[in-house]
Amino acid sequence: MAMSAGHAEDEPMMDINTTPLIDVMLVLLIMFIITIPIQTHAVKLDLPVDDPTNTTPPPIDPVKNKVTIDPAGTVYWNGAPVDAVTLRQYLDITTTMTPTPELHLQPDPNARYEVVDEVLAITKRANVTAMGFVGNEAYARF
């Protein structure tokens, strides 16, 4: 069935069948046409800019809030340093929430007792009812 252009029948046919190559190239071209608009599609968003002078208070978690005290005596509310007045304000806000979020107190083992005692006195004056100590295993003596 091979077409012979005046060659002997024992010689191999030297013409390349380009039909499958053209089919593959057309499929690739269609795939590129379909996928290129997806790659260039963009959604414009106005993202917030991190402002170092921004003094917004850390959010009060409605489930649990963590107060930590480091060895230098700094008190942290959910990871942000606070003073005694701000701590009391946050505690007052949590006592008015329904349900009352838990307060987790985690002082560093090397923190001064006076600072921990002051934080405990502030929580007592704020009438915090759902409070627990976290990280007690750091105080275990072997």
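In our numbering, the protein residues as written are 1274 to 1415.
Even for Gly, the Cβ is constructed at its ideal location relative to N, Cα and C.
Just so we're clear, the structure is a prediction, and the values are computed from it rather than from any experiment.
Counting only runs that start and end within the stretch 1334 to 1394, where is the alpha helix (DSSP H) found for 4 or more residues in a row? 1357 to 1369
Report buried or exposed for residue 1416, applying the criterion of at least 16 other Cβ atoms within 10 angstroms of its Cβ. A question about residue 1416 goes unanswered here, because the residues of the chain that appear run from 1274 up to 1415.
List the DSSP bridge partners of residue 1405. 1377
Do you know whose CA, among 1337, 1367, 1368, 1379, lies nearest residue 1346's CA? 1379
If you pair each beta-carbon of the stretch 1332 to 1339 with each one of the stretch 1291 to 1310, do three or more pairs fall below 8 angstroms? no
Alpha-carbon spacing of residue 1274 relative to residue 1298, whole angstroms: Interpretation of residue 1274 is limited by its pLDDT of 48, a score under 50 that renders its predicted location unreliable; the figure taken from the coordinates is listed afterwards. Taking the straight line joining both Cα atoms gives about 27 angstroms.
Whether residue 1359 touches residue 1403 by CB criterion (7 angstroms): no
Going along the chain, which residues of its own chain have a beta-carbon closer than 8 angstroms to the beta-carbon of residue 1361, five neighbours each way excluded? 1395, 1398, 1399
Give me the Cα-Cα distance between residue 1294 and residue 1319, rounded to the nearest whole angstrom. 47 angstroms
Just how far apart, CA to CA, sit residue 1340 and residue 1388? 12 angstroms
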